[in-house]
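In my numbering, the protein residues as written are 1 to 111. Here the structure comes first, spelled out in structure tokens, and everything after it is commentary.
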Amino acid sequence: MKVKTLVKIHIFEFKNTRLLDRKNHIAYFLHSFGNSHLDILKTSVLFDWLTEYKAKNNFTEKNMCHIKCQLNYFFKWLFIRNLTDCNLIESIKFKQNLPPKKPRVILSENE
Numbered sequence: 001m002k003v004k005t006l007v008k009i010h011i012f013e014f015k016n017t018r019l020l021d022r023k024n025h026i027a028y029f030l031h032s033f034g035n036s037h038l039d040i041l042k043t044s045v046l047f048d049w050l051t052e053y054k055a056k057n058n059f060t061e062k063n064m065c066h067i068k069c070q071l072n073y074f075f076k077w078l079f080i081r082n083l084t085d086c087n088l089i090e091s092i093k094f095k096q097n098l099p100p101k102k103p104r105v106i107l108s109e110n111e
């Protein structure tokens, strides 16, 4: 079955799914994998896609954690429905406690 069909079924079953929280990420995911069959999705393919997406958009590791969490709802559902052998995205990790890219601006009392 195609990935976009499975996403539609997931959204139909869970009207309030967090998969739709940030629609631009799921839109790009569907642009990349929507017409593909579920068989081609592997953890390594998803990791490469997330890494490319991070570089393309200059996202931080923390942003990537949020995006991965958003997609995790769908992949967990696939596993629960026995459509995959495991949650394909669960083993992908991004660092969460890195220092910010831009230094914080702290104003003095006079400013």
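By construction, the Cβ of each residue, glycine as well, lies at the ideal position given by its N, Cα and C atoms.
Limits of the alpha helix (DSSP H) - the one that residue i falls within
i: M1; result: Counting along the chain, M1 falls outside any alpha helix (DSSP H), and DSSP gives it neither H nor E.
i: F94; result: No alpha helix (DSSP H) holds F94; DSSP gives it neither H nor E.
i: V45; result: T43 to N57
i: R82; result: In the sequence as presented, Arg is not what sits at residue 82; that position holds Asn. Per DSSP, N82 belongs to no alpha helix (DSSP H) and is neither H nor E.
i: I26; result: K23 to F33
Contact check, residue i vs residue j, beta carbons under 8 angstroms
i: K68; j: F94; result: yes
i: L78; j: L20; result: no
i: L88; j: T43; result: yes
i: L41; j: F29; result: no
i: N35; j: K2; result: yes
i: Q96; j: H25; result: no
i: I11; j: T17; result: yes
i: E61; j: N72; result: no
Residue i burial status per 10 Å Cβ neighbour count (16 or more: buried)
i: F74; result: buried
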